[in-house]
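Peer 1: If you scroll down you'll find the structure; I have some questions about it.
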Amino acid sequence: MEKKLKNRFFSAAIVGTVFVAVLTSASFVTADPGKTTGTTLPAGLFLKAAPPNAIDVGAARKAAEEGKPIVIRGRIGGTAKPIADKYAMFLVTDLSLALCKDGCADFCQMPREQLTANTAAIQVVDNTGRPLKVSIEGVNGLKPLTEVVVQGTVAKRDNNFLVINAQSIFVDSNAK
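The sequence shown maps to residues -31 to -1, 1 to 145 in mature numbering (1 follows the signal peptide of the UniProt record, and there is no 0).
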């Protein structure tokens, strides 16, 4: 009986190791397996260096044009949960916004109009323009209050919101 258990454990360990090796050598990145729906993030989505010429979120809100390329720098935040659970979407805020004293990501002490004027939505989309059905939280260190540089295309631009389809994301793990 004990020998059977050891063999099963050993077999499971080998299968698990092979599975991990296949996933890590494939041309995609999978988010937390508990939060996925079988969809994967595109290979090369996360960059090792920031793209040049990034502008602040507030400036982007004023200058962005639908369908045009854009590079923005911001901090993940704007709500208590700025990263979607089931989609590759998150909010970024302008770095000029003062963080809450309690360290929350929702900028609860900020007037709503000021927060809205300095917030943009980032989404990673499929070939039909719909957000990918996979959580991006935790992937490559992406979490609330992390500084990021996003390179993409302006999907929607109106007075209420700016939406950017991300082609690449740099997570600035050294930013404070």
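C-beta: ideal position from N, C-alpha, C; glycine also.
In whole angstroms, give me the CA-to-CA distance for Thr85 and Asn129.
Peer 2: Near 7 Å, if we compare the C-alpha coordinates of Asn129 and Thr85.
Peer 1: So what's Lys70 in DSSP terms, helix, strand or just coil?
Peer 2: It is coil, neither helix nor strand.
Peer 1: Beta-carbon separation of Pro100 and Ala57 under 7 Å?
Peer 2: Yes, they are a contact pair.
Peer 1: Can you list the beta strand (DSSP E) stretches of 3 or more residues lying completely in the segment 29 to 57, in chain order?
Peer 2: Complete beta strand (DSSP E) runs here, min 3: 38 to 45.
Peer 1: Answer with buried or exposed for Asp95, where buried requires no fewer than 16 other C-beta atoms within 10 angstroms of its C-beta.
Peer 2: Burial call: exposed.
Peer 1: Report back the beta-carbon spacing between Thr122 and Gly36 to the nearest angstrom; my notes put them in contact at under 8 Å.
Peer 2: At roughly 7 Å, the Cβ-Cβ gap stays under 8 Å, so Thr122 and Gly36 are in contact.
Peer 1: Which stretch, first to last residue, makes up the beta strand (DSSP E) that contains Glu106?
Peer 2: No beta strand (DSSP E) holds Glu106; DSSP gives it neither H nor E.
Peer 1: For Thr97, count neighbouring C-beta atoms within 10 Å of its own C-beta (all shown protein chains included) and say buried if the count is 16 or more, exposed if not.
Peer 2: Classification of Thr97: exposed, given that the 10 Å Cβ count is below 16.
Peer 1: Would DSSP call Arg99 helix, strand or coil?
Peer 2: Coil, per DSSP.
Peer 1: Under a three-way DSSP split, which group does Gly27 fall into?
Peer 2: DSSP places Gly27 in helix when its eight states are reduced to three.
Peer 1: Starting from Gln83, follow the alpha helix (DSSP H) in both directions and report where the run begins and ends.
Peer 2: Its alpha helix (DSSP H) spans residues Arg81 to Thr85.
Peer 1: Give me the residue from Gln78, Ile24 and Ile52 with the minimum Cα distance to Leu114.
Peer 2: Ranking the options by Cα distance to Leu114, first place goes to Ile52.
Peer 1: In terms of residues, what are the limits of the beta strand (DSSP E) holding Ser137?
Peer 2: From DSSP, the beta strand (DSSP E) with Ser137 extends over Leu131 to Asp141.
Peer 1: Considering only DSSP beta bridges, list what Phe59 is partnered with.
Peer 2: Note: Phe59 sits in a beta bridge opposite Ile52 and Ile91.
Peer 1: Which value, in whole angstroms, describes the spacing of the CA atoms of Ala19 and Pro80?
Peer 2: Those two C-alpha atoms are separated by around 30 Å.
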